[in-house]
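Notes follow once the structure below has been shown.
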Amino acid sequence: AQSVTQLDSQVPVFEEAPVELRCNYSSSVSVYLFWYVQYPNQGLQLLLKYLSGSTLVKGINGFEAEFNKSQTSFHLRKPSVHISDTAEYFCAVSGLNDMRFGAGTRLTVKP
Amino acid sequence: SAVISQKPSRDICQRGTSLTIQCQVDSQVTMMFWYRQQPGQSLTLIATANQGSEATYESGFVIDKFPISRPNLTFSTLTVSNMSPEDSSIYLCSAGKGTGTEAFFGQGTRLTVV
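In order, the protein sequences belong to chains A and B. This note's numbering numbers the first residue of the first sequence as 1 and each following residue consecutively. This note's numbering numbers the first residue of the second sequence as 1001 and each following residue consecutively.
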């Protein structure tokens, strides 16, 4: 079975600063990795995904993530955040028949 | 992509009653999932619903409490039975088109049990 660990429950940053949200996974099979964002009182929206190929994947809103198999990590990064990036971010891993989520990281961007 | 419609969007229910949540997808999907999300918490997988077979429940969730139907490739229901205040949560329907594909989410059903 696969699982996901998000190492930071809350990440406060100032506007225009870079940010990294950390995610580690474990799985006994080939994995597919995802980052989702959830804005207040809204559903989940896909930011980006890694299925195969290039380990650096780019997503919407200027986010990118790097798949590192040796470190079993899939950290999310953005070089310059905006106030509007304030949200909950979930890392997820998908195996054969399900998708499991990490505990989430609350990103708060301050002016 | 897939667009998921979930009904009702919210409800307030009396303890001891049951509520059935409907999930409609605008295209055929292989896998459908039901999650529960407590306020400020992550998503906990309740069960995976595959068309033509019994739902597969995660540890801590049982069919008698959360019966699921999956009559075709575009529709599923989750029933929360014999509700108690502890069942108050957001219930999310999700769908995927196969292994390794992203999951799409409905807007969720916000359930309050009084």
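For glycine and all other residues, C-beta sits at the position ideal for the given N, C-alpha and C. All values reported here derive from a predicted model rather than from experimental measurement.
Check your understanding: So which of B:Tyr-1091, B:Thr-1112, B:Val-1114 has the shortest CA-CA distance to Gln-1006 (chain B)?
Key -> B:Tyr-1091
**Study point:** Inter-residue Cα distance where the pair is Ser-1001 (chain B) and Leu-1111 (chain B)
**Key:** 27 Å
Exercise for review: State the DSSP-derived secondary structure class of Ser-1089 (chain B), mapped to helix, strand or coil.
Suggested key: strand
Exercise for review: Starting from Asp-85 (chain A), trace the beta strand (DSSP E) both ways and give me its first and last residue.
Suggested key: Premise fails: Asp-85 (chain A) is in no beta strand (DSSP E) and is neither H nor E.
Practice item. Kindly indicate the opening and closing residues of the beta strand (DSSP E) around Asn-97 (chain A). Key: Unbroken run through Asn-97 (chain A): none, as it is neither H nor E.
**Study point:** Assigned secondary structure, Asn-61 (chain A) (DSSP; H/G/I helix, E/B strand, else coil)
**Key:** Here DSSP, grouped into helix, strand and coil, assigns Asn-61 (chain A) to helix.
**Study point:** Range of the contiguous beta strand (DSSP E) that encloses Val-37 (chain A)
**Key:** Start and end: 32-38.
Check your understanding: Taking Cβ positions, are Thr-1077 (chain B) and Leu-1019 (chain B) nearer each other than 8 Å?
Key -> Pairing Thr-1077 (chain B) with Leu-1019 (chain B) gives a Cβ-Cβ distance that is not under 8 Å.
Review point. Is the beta carbon of Thr-1074 (chain B) less than 8 Å from the beta carbon of Gln-1022 (chain B)?
Key: no
Check your understanding: For Leu-47 (chain A) and chain B, any beta-carbon pair shorter than 8 Å?
Key -> no
Check your understanding: How about the region 22-40 of chain A and the region 88-107 of chain A: do they share at least three Cβ pairs that are nearer than 8 Å?
Key -> yes
Point to revise | Neighbouring residues, chain A, relative to Phe-1105 (chain B) (Cβ below 7 Å) | key: Gly-43, Leu-44
Point to revise | For Gln-1022 (chain B), the residue or residues it bridges with in DSSP | key: Answer is B:Lys-1007, B:Thr-1077.
Check your understanding: With Ala-1049 (chain B) and Arg-1070 (chain B) assumed to form a contact (beta carbons below 8 Å), what rounded beta-carbon distance in angstroms separates them?
Key -> 4 Å
Review point. CA-CA distance, Leu-126 (chain A) and Met-99 (chain A)?
Key: Past the boundaries of the shown model lies residue 126 (chain A); chain A is included only from 1 to 111, so the question cannot be answered.
Review point. Can you name the residues of chain A whose CB is closer than 7 Å to the CB of Glu-1102 (chain B)?
Key: Within 7 Å Cβ-Cβ: Phe-34, Leu-46, Lys-49.
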